[in-house]
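Each residue of the sequence shown is one higher than the one before, starting from 614 at the first, in my numbering. Glycine residues also receive a C-beta, built at the ideal position from the N, C-alpha and C atoms. Written below as structure tokens is the structure these notes are about.
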Amino acid sequence: MTAAPSRTPAPAAIPGTASPGVASLDVPGAANAAAVEEVARAAKKAVRVSARRVRAALDLDRAAAAKAMADNFLTALPKITDGLAPVGLTIAFYWPMGDEIDPRPLMHRAVATGVKGALPVCQAKGQPLLFRRWRPGTLLAPDSMGVPAPMAEALPGAEGPDGGAIVPDVVLVPLLAFDRRGARLGYGAGFYDRTLAALRRQRAIQAVGIAFADQELDKVPCDAHDQGLDWIVTERYAVRAGQRRKR
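What follows is the structure in structure tokens.
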């Protein structure tokens, strides 16, 4: 157990792909959907290896990058949340693992402005994430994947099978790589794809990819199951998905 240190529906398919997965991979003459899916898996596996190496080798002040990312996110927040509920905004953050960009400075600054915070909880493989309330000082314990998450028994009103789960308005999404279309390469378990799909069936949300700017690729391989990002925020910029890169 550790103490934490302190509406516009988005399309499920990645913008710019006439047929999700096929156009994005440029696979000519694929015999069937299964063949396309296999090519997608192979492409993603190769890009994941490269993306992990790139992120681990980044030569930058990571603490300064986290602060700059927080600045950019908070500046863009009115645009990100345009059309969402104006009162009682809930943002689902994530607890950083490994060399991911650290969202904790943003978490503390956001809740200080009155935003309600949440963190994801992994229930089991193959299931969507659920989200529980987070605020500075919330007790955390490893979830089923070993990631620090709010303990249900430590939260007021958390009785019941979902342990006090809440539905966020904005979901911050960790990633290995992204492109300007809003395509995201995750870690391969599909947790965020299942989660975003389930949330988007319930209500309008905004999925915001959080990353270092150098994790951007010209084109990320994607398939029909991948959920697109609405915004991308890095230490250099905050952009709506689909916005062209300035040359």
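Environment of residue i [buried if 16+ CB atoms lie within 10 Å]
{"i": "D712", "result": "exposed"}
{"i": "Q840", "result": "buried"}
{"i": "T688", "result": "exposed"}
{"i": "G801", "result": "exposed"}
Residue i versus residue j: straight-line alpha-carbon distance, rounded
{"i": "L789", "j": "A659", "result": "12 Å"}
{"i": "A725", "j": "R717", "result": "12 Å"}
{"i": "S663", "j": "N685", "result": "27 Å"}
{"i": "V640", "j": "L798", "result": "Residue placement at V640 is flagged as unreliable, the pLDDT there being 46, under the threshold of 50; the coordinate-derived value follows with that caveat. In a straight line, the C-alpha of V640 is about 18 Å away from that of L798."}
{"i": "V852", "j": "I693", "result": "9 Å"}
{"i": "R666", "j": "Q828", "result": "10 Å"}
{"i": "A646", "j": "H838", "result": "12 Å"}
{"i": "W844", "j": "Q819", "result": "8 Å"}
{"i": "A737", "j": "A681", "result": "34 Å"}
Integer Cβ distance of residue i from residue j, believed to fall under 8 Å
{"i": "A762", "j": "P733", "result": "7 Å"}
{"i": "V760", "j": "M710", "result": "6 Å"}
{"i": "F804", "j": "W747", "result": "With 8 Å as the limit, F804 and W747 do not qualify as a contact, their Cβ atoms being about 18 Å apart."}
{"i": "D715", "j": "A765", "result": "Their Cβ separation, rounded to whole angstroms, is 25 Å, which puts D715 and A765 out of contact at 8 Å."}
CB of residue i within 9 Å of CB of residue j, strictly
{"i": "L785", "j": "V821", "result": "yes"}
{"i": "A826", "j": "T808", "result": "no"}
{"i": "A731", "j": "R745", "result": "yes"}
{"i": "E650", "j": "D806", "result": "no"}
{"i": "G855", "j": "R794", "result": "yes"}
{"i": "L697", "j": "A817", "result": "yes"}
Contacts around residue i, its chain only, beta-carbon distance under 7 Å, and the 5 residues preceding and following it disregarded
{"i": "Q815", "result": "V780"}
{"i": "T703", "result": "K729, A731, I779, P781, D782"}
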